[in-house]
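Here is the structure we will look at, set down as structure tokens.
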Amino acid sequence: MPKSSGSETRTSTPPSKKGTPQAHALPLNPNRLPPLQNPPPLHRLRLSTDAVKFVKKYPSVFAQFRLRHRLSLPRIKLTSQALIAHKEEAQVLDSPIHRKNAAERLSRLLMLAGVRRLPLKIVNGLEFNLGLPHHYILTLVSEFPEYFQICSTHCDDSNSCEMLGLKLISWRDDFAISVMERGVMNVGFGGKGRMRISFPMELPRGFDLEKKVRNWVDEWQKLLYISPYENAFHLLLNGDQEEKWWWRFFTNCFILRCRRRRR
21 MPKSSGSETR TSTPPSKKGT PQAHALPLNP NRLPPLQNPP PLHRLRLSTD AVKFVKKYPS
81 VFAQFRLRHR LSLPRIKLTS QALIAHKEEA QVLDSPIHRK NAAERLSRLL MLAGVRRLPL
141 KIVNGLEFNL GLPHHYILTL VSEFPEYFQI CSTHCDDSNS CEMLGLKLIS WRDDFAISVM
201 ERGVMNVGFG GKGRMRISFP MELPRGFDLE KKVRNWVDEW QKLLYISPYE NAFHLLLNGD
261 QEEKWWWRFF TNCFILRCRR RRR
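Shown next as structure tokens:
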């Protein structure tokens, strides 16, 4: 895959601090590519630095060129290597198995939200990490109408406004199984009741816990496993059980991220 001078990149165009510019953000027709000195079309890429520095940082992804007339300003285009990577990514995103897996990951995220709905601005921010196809509302959501529905949600502020959100139509019991529960079931120790599942924990070589701390960790590991898909409002606030539930919640959120291949 394309590599920058001194850093790795994913299959998409290198991410910036404010967002992830993607290959489809640039038109593929060289005559329509914006000049480097023309800031308005480049603003939507949400670059963390000016365009010239950004392009020079990733020479395997972007190439500079000029149109044939003499007064042409420097322009940018995707290299053949980047175009191949973009084509491969598009093929993966468009494959039936990937769309099905993406729909499952998105369903799990909405289930972890508790109310089975999230504002679209939050889902949009996780689009890259969840491996959702571009324009997922027009593709993935419309392809799985039995899963998702566009709805309205309340704003975070106190203005009583509403915004567009994404709703999971029905709860999926086959999705409401955490990775740790599935691992226990795979080795034949799982059941429908509550289980005592310990978090895998490895300490650095030479590092040892004090006896008091080690005893607390042992007792904490023995607490009953409450799935992150379960309602946790009944748990004691700031208690050990609630803390363990939050560990499981964030662990499953991280696991939902689509693994990106690096080279």
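For the sequence shown, my numbering assigns the number 21 to the initial residue and increments by one for each residue that follows. Don't be surprised by glycine CBs; every beta carbon is placed ideally from N, CA and C.
Close beta carbons around residue i, own chain, < 8 Å, minus the five adjacent residues each side
i: residue 124; result: 195
i: residue 86; result: 92, 93, 94 and 95
i: residue 138; result: 129, 130, 173, 185 and 186
i: residue 182; result: 172, 173, 174 and 175
i: residue 275; result: 199
i: residue 217; result: 200, 201, 204 and 245
Same chain, Cβ closer than 6 Å to residue i, neighbours up to 5 away in sequence not counted
i: residue 272; result: 198 and 248
i: residue 261; result: 243 and 255
i: residue 147; result: none
i: residue 264; result: 243
i: residue 221; result: none
Residue i: first and last residue of the uninterrupted alpha helix (DSSP H) it sits in
i: residue 125; result: 116-132
i: residue 150; result: 147-150
i: residue 234; result: 231-241
i: residue 260; result: 260-275
i: residue 196; result: Taken as a continuous stretch (DSSP letters only), residue 196 belongs to no alpha helix (DSSP H), as it is neither H nor E.
i: residue 71; result: 71-77
CB-CB length for residue i against residue j, believed under 8 Å
i: residue 143; j: residue 103; result: That belief does not hold up - the Cβ atoms of residue 143 and residue 103 are roughly 28 Å apart, past 8 Å.
i: residue 153; j: residue 113; result: 4 Å
i: residue 82; j: residue 98; result: 7 Å
i: residue 149; j: residue 277; result: 5 Å
i: residue 156; j: residue 127; result: That belief does not hold up - the Cβ atoms of residue 156 and residue 127 are roughly 13 Å apart, past 8 Å.
i: residue 188; j: residue 136; result: 4 Å
Delimiting residues of the beta strand (DSSP E) encompassing residue i
i: residue 83; result: 82-85
i: residue 95; result: 95-98
DSSP beta-bridge partners of residue i
i: residue 173; result: 183
i: residue 219; result: Paired residue(s): none; residue 219 is not in a bridge.
i: residue 138; result: 186
i: residue 168; result: 188
Neighbourhood of residue i by C-beta, 7 Å cutoff - its chain only, sequence neighbours within 5 removed
i: residue 18; result: Since the first and last residues shown for the chain are 21 and 283, residue 18 lies out of range.
Test: residue i CB closer than 8 Å to a CB of chain D
i: residue 185; result: Chain labels in this structure do not include chain D; a single protein chain is all it has.
So does the region 129-145 actually touch the region 237-256, counting three or more Cβ pairs closer than 8 Å? Yes: at least three Cβ pairs fall under 8 Å.
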